[in-house]
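A short worksheet on the structure shown next.
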Amino acid sequence: MGFLAFQYLKFSPLIPFLVLSVTEGTRYGASLRKQIKKMEVSQHSKYFCEFCGKYAVKRKAVGIWGCKDCGKVKAGGAYTLNTASAVTVRSTIRRLREQTES
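The sequence shown maps to residues -25 to -1, 1 to 77 in mature numbering (1 follows the signal peptide of the UniProt record, and there is no 0).
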């Protein structure tokens, strides 16, 4: 494969995970590469904005997520918008609030 073909494949939107496999190669073990791939996919994907209702939330920095449409900024996890512990806390608070109201 020539240099131009490699550059085309590396930055092609049709093959988004080729960069990880090219940069890591056979190093670090399969399970670690799978974990890194999972984190990179989740941090580069778009998430649903609760304010404007569109899939436009992207990661700005570690734990900082911003919507491209409405401009709202939200704190979240390092690799995902909502962490598992935050979802648990939110559901527990909602359940306790419903118990006190009734």
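Glycine included, every Cβ here is placed at the ideal spot set by N, Cα and C. Note that the coordinates shown come from a computational prediction; the quantities given were computed from them, not determined experimentally.
Item, Value
"For Gly51, the nearest candidate out of Cys45, Ser66 and Lys33 (CA to CA)", "Lys33"
"Within 7 angstroms, strictly: CB atoms of Tyr22 and Leu56", "yes"
"In chain order, each alpha helix (DSSP H) run of at least 4 residues that lies wholly inside the stretch 5 to 53", "5 to 19"
"With 16 other Cβ atoms within 10 Å as the buried cut-off, status of Cys45", "exposed"
"Beta-carbon spacing of Val48, Gly41 below 7 angstroms", "yes"
"Residue range of the unbroken alpha helix (DSSP H) whose run includes Leu56", "Counting along the chain, Leu56 falls outside any alpha helix (DSSP H), and DSSP gives it neither H nor E."
"Backbone CA spacing between Lys9 and Gln18 [nearest angstrom]", "14 angstroms"
"DSSP-derived helix/strand/coil call for Arg2", "coil"
"Cα-Cα separation between Arg2 and Glu15, rounded to whole angstroms", "17 angstroms"
"Helix, strand or coil at Ser66 according to DSSP, with G and I counted as helix", "helix"
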